[in-house]
Amino acid sequence: MAILTLTIDDQPVSGTETETLLEVARQHGIEIPTLCHLDGLTDVGACRLCLVEIEGASRLQPACTTRLQEGMVVRTNTERLQRYRRTIVEMLASEGNHHCAVCVSNNHCELQDLAYTVGLQYVRVPYLYPAKTLDATHKDFVIDRDRCILCSRCVRVCHEVEGAHTWDIAGRGIGCEIISDLKQPWGQSTTCTSCGKCVLVCPTGALFEKGATVAEMEKRTEFLRYIVNARQRREWNPDLLHEE
Amino acid sequence: MTVEELHELADRERERQAGVRHRVLYCSAAGCVSCGSHATRDAFKAAFTRRGLTESEVVGTGCMGLCGQGPLVKIHDDGVLYERVDAGLAHRIVDEHLVEGRPVAEHQLDAASPFFASQVKIVLENCGRIDATRIEEYIAVGGYEALARAVAELKPQEVVEEVRKSGLRGRGGAGYPTGLKWDIARKAPAEQKYVICNADEGDPGAFMDRSVLEGDPHRVLEGMAIAGYAIGASQGYIYVRAEYPLAIERLKLAIRQAERHGVLGSRIFESGFHFRIDLRIGAGAFVCGEETALIRSIQGRRGRPQPRPPYPSERGLFGAPTVINNVETLANIAPILRHGSAWFAALGTPRSPGTKVFALAGKIRRTGLIEVPMGIPLRRIIFEIGGGTPEGTEFKAAQTGGPSGGCIPAEHLDLPVDYEALATVGSIMGSGGLIVMDSTSNMVDVARFFMEFSRDESCGKCAPCRVGTVHMHDLLRKIARGRATADDVALLEELCETVKETSLCGLGQSAPNPVLSTLRFFRAEYDALLGPVEVFTPSNPLARGRGPGGS
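Protein chains in written order, with the numbering used here: chain A, -16 to 227; chain B, 48 to 598.
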């Protein structure tokens, strides 16, 4: 496979043509903010936070879905991009009912971290205070749609990794919401395996374990890479287990 | 069917038509049907029986153009066109015009008037001329000749080359060169490829594609089959919205007839080329007109856009290379092959050859469907063809491109209508909706209307469009109600920029256009609605000297 060289933020970097700008940037210690991206899941380019400037391209491109090309000149952190990122996080903050002080994920929340990163100190648009629902019918977990930012990580992990496809999105535009099965209560879902992957990958406190109270819900996402790698490399051959 | 059989069929149909004593064509497109053209048809039939004119026929055709004056009727014998033909008038026309030879002058339309004389018809050449429900009539006017010639005489590469040389650009709005798109798909190595016809026309006030599908469906099928031959596809899909029941009915019938006559299906014109077309009915989401969302919808999935690249011509429907063209683009294909690319390239302007169909609507005297050469000044469309704004009002702006376009003010009326010129004033060609506004229209309200539309049609996938359109709409409403300040307008402008630059698909990227263009040309209307910016001034004179409120 050909090795390509390019420039990201004036740094010469290299990678292969199957890699994305985001992967290569992170390998070289260049941080690009993301929200819908998660290592191990298919990228959808939905949150628009990882948009970067590419010389010669007419539009900004999401780093998570853009493949490397020889000689690309990329800028990831210009004044303009910073401004757009702040406005997008501002949009997300105004869209839900986010009350950090009483949230299970306080101090462990990717949205909260992002707000600090992009320097969002004040929301200029009116909060929308949408009427969202909470579903605590599952025996172990709760979904509080007030805190959902529609990144669709739960939908993708359930479909791609667990293979259950319990979660999906209903409605459109501002009325979109995450639903289980055909909009039944989560506890009545016949497809859910209660594996808990969706809870672990949720960037906010929208999905959490029962019993967690304020600031207690810490998420882990590293497990995803192990599972996906092991599956792709067929390390889960039953014969290997018996050899030991 | 062979090419000889095609010609025989055409001759037979022409002879049959020549043998008919009186042929009365009535418009059976949705516009005229809704104002009673079926009653008109029945009245003509009754009048023929009454007068004993048994060897005469009444034929339902596609749109005749002047939709505001329906039902329209054309006497095929001498080409006289009548407006507002109700049942009573139908009887009069038969008695006075057909029997006694005196046309009914007060309802007669002048074919030399600018509305008709300024138009150049390629896409609409058969609309209002043939019966859309009979393949024989399409074949009699040269239909399927282009497909026959392509399959028999040209290599796929030569077909692509002919389309490329014609300079045809996508009529869905963005204006991407059609030949280039086909070439990429043709060169893509794959067993299976697809052709998709995008008939998910959704701009408010636009009805060009519907009129073509209702009035001349075979033209679109022929264009698709030629595209299939050119890129090496054996399957085509027409994605048409469920709100167009008549178009769906006519397409179904047309596909059945084409298959029965062997111009679609297996071994087309006795060659090794197979091509089938199936319909997919959209459920009314505007975003499904965006090609990647449309493809997902055909696959039975949620109609949400995907980041491009990869473009559909490399990886599209079911992962296969896919050419996706708009109805009007495909309707131009057969004429290009029939008359040659040089003929087409000579029409319109060098960078935007050919014609464009527009749906004229809004505050204009003659609403309807028109086809004009590219590069015609906007002034001629609105004042010559459309007859200007109603009595006592003045022209203010023309809106093109629907919720993705902008408003063009009077000072730019001499702008030639082509892709580049419209972009310079912050609008787009769009699919062909042209809404005229006069002095009674409120431009802030126009911007608010289109933003409401974009908000309701946002799919919700990407954050800037999903949330940004809500806030932009709320700000516009606040301005319209006179409760906003200059700060709100500044915030609105910033949101416009962010949503335009960061949204995932064309819907979000172009949603701010109506706001940006009205702000650019009609800022005074916004300013007139603004209240003063309130600044807190402390009552204590000592405090006044220091803070930002002091002088």
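Glycine included, every Cβ here is placed at the ideal spot set by N, Cα and C.
Quick one: list the residues of chain A neighbouring A494(B), beta-carbon separation under 8 Å, in chain order. What A494(B) touches in chain A: nothing, since even the nearest Cβ is about 17 Å away.
Tell me, please, whether the CB atom of R502(B) is closer than 8 Å to any CB atom in chain A? Yes, because at least one Cβ of chain A sits closer than 8 Å to the Cβ of R502(B).
Tell me whether K180(A) is buried or exposed, calling it buried when 16 or more other Cβ atoms sit within 10 Å of its Cβ. Here K180(A) is buried, its C-beta having at least 16 other C-beta atoms within 10 Å.
Starting from S213(B) and walking both ways along the beta strand (DSSP E), at which residues does that stretch end? First-last for S213(B): 203 to 213, but that is the alpha helix (DSSP H), not the beta strand (DSSP E).
Does the beta-carbon of T17(A) have 16 or more other beta-carbons within 10 angstroms, so that it is buried, or is it exposed? Looking at its Cβ environment, which holds 16 or more other Cβ atoms inside 10 Å, T17(A) is buried.
C-beta neighbour in chain A for S598(B), strict 8 Å: At S598(B) the pLDDT is 42, less than 50, meaning the model places this residue with poor confidence and gives no usable figure here.
Counting only beta-carbon atoms, is G217(B) nearer than 8 Å to chain A? Not an interface residue.
Note down, in chain order, every chain A residue with its Cβ under 9 Å from the Cβ of S548(B). Looking at the sequence shown, residue 548(B) is not Ser but Glu. Below the 9 Å Cβ cutoff, chain A contributes L34, R42, L43, R63, Y67 as neighbours of E548(B), in chain order.
Outcome for I(-14)(A) when other beta-carbon atoms lying within 10 angstroms are tallied against a minimum of 16: Counting the other Cβ atoms within 10 Å of the Cβ of I(-14)(A) gives fewer than 16, which makes it exposed.
I342(B) versus R524(B) - alpha carbon distance: The alpha-carbon atoms of I342(B) and R524(B) are separated by roughly 35 Å.
Which stretch, first to last residue, makes up the beta strand (DSSP E) that contains C454(B)? DSSP places C454(B) in the uninterrupted beta strand (DSSP E) bounded by 453 to 456.
Across which residues does DSSP place D118(A) in a beta bridge pair? I126(A), per the DSSP bridge assignment.
Suppose you measure from the CA of D461(B) to the CA of S486(B); what does that come to, to the nearest Å? So the alpha carbons of these two residues sit roughly 19 Å apart.
Counting only runs of 4+ residues fully inside the region 455 to 523 of chain B, write out the alpha helix (DSSP H) ranges in chain order. Every alpha helix (DSSP H) stretch that sits fully inside the region 455 to 523 of chain B and reaches 4 residues is listed by chain position as 466 to 471, 490 to 504.
Can you list, in chain order, the residues of its chain with a C-beta nearer than 8 Å to that of A531(B)? Leave out the 5 residues immediately preceding and following it. So the qualifying residues of the chain are L522, K525, L576, L577, G578.
Residues of the region 20 to 31 of chain A with a CB closer than 7 Å to any CB of chain B: list them in chain order, please. Hits within the stretch, in order: G28, A29, C30, R31.
With a cut-off of 8 Å, does the C-beta of C244(B) fall near any C-beta of chain A? Closer than 8 Å to the CB of C244(B) there is not a single CB belonging to chain A.
Measuring alpha carbon to alpha carbon, tell me which residue in I380(B), Y276(B), N372(B), Q353(B) is nearest G319(B). Check the Cα spacing between G319(B) and each of I380(B), Y276(B), N372(B), Q353(B): the tightest is with Y276(B).
Bridge partners for W150(A) per DSSP, in chain order? Within the DSSP bridge table, the entry for W150(A) names S163(A) as partners.
Cα-Cα, which of A332(B), R131(B), A274(B) is closest to L194(B)? Among A332(B), R131(B), A274(B), the Cα nearest to that of L194(B) is on A274(B).
Would you please verify whether the beta carbon of A510(B) is less than 8 Å from any beta carbon of chain A? A510(B) counts as touching chain A.
Helix, strand or coil at L5(A) according to DSSP, with G and I counted as helix: Taken through DSSP and simplified to helix, strand or coil, L5(A) comes out as helix.
C-beta neighbour in chain A for L538(B), strict 8 Å: The beta carbon of L538(B) falls within 8 Å of a beta carbon belonging to chain A, placing the residue at that interface.
Tell me which residues share the same chain as A199(B) and place their Cβ nearer than 8 Å to its Cβ, disregarding the 5 neighbours each side in the sequence. Closer than 8 Å at Cβ, skipping near neighbours: V50, F316, S318.
Which of the residues in the region 137 to 158 of chain A, read from start to end, lie with their CB under 9 Å from any CB of chain B? Against chain B - using a Cβ distance shorter than 9 Å - the residues of the region 137 to 158 of chain A are D151, I152, G154, R155, G156, I157, G158.
Just checking: is the beta-carbon of L(-11)(A) within a distance shorter than 8 Å of some beta-carbon in chain B? With 8 Å as the cut-off, L(-11)(A) does not count as an interface residue toward chain B.
Quick check: the region 124 to 137 of chain A against the region 97 to 104 of chain A, are there 3 or more CB pairs under 8 Å? No, the region 124 to 137 of chain A is not in contact with the region 97 to 104 of chain A.
CB contact flag (T173(A), S163(A), <8 Å): Not a contact, by the Cβ cut-off of 8 Å.
Please identify the residue among T176(A), G170(A), F124(A), Q167(A) whose C-alpha is closest to the C-alpha of E192(A). For E192(A), the nearest C-alpha among the options comes from F124(A).
Can the beta-carbon of V514(B) be found less than 8 Å from the beta-carbon of C543(B)? No, they are not a contact pair.
Are the C-beta atoms of S505(B) and some chain A residue less than 8 Å apart? Cβ-Cβ to chain A under 8 Å: yes for S505(B).
Taking the CB atoms as reference points, tell me whether I210(A) and V144(A) lie closer together than 8 Å. It is a contact, given that the beta carbons lie within the stated cut-off.
Given a cut-off of 8 Å, decide if S557(B) and S488(B) are closer than it, judged by their beta-carbon atoms. Contact annotation: S488(B) and S557(B) have beta-carbon atoms that are not nearer than 8 Å.
For T48(A), which residues in chain B fall below 7 Å Cβ to Cβ? Near T48(A) (Cβ distances below 7 Å), the residues of chain B are P354.
Is it true that the CB of I177(B) sits closer than 8 Å to the CB of T108(B)? Yes, the pair counts as a contact, with Cβ atoms nearer than the cut-off.
Measure from the C-beta of R349(B) to each C-beta in chain A and report whether the shortest distance is under 8 Å. Closer than 8 Å: yes.
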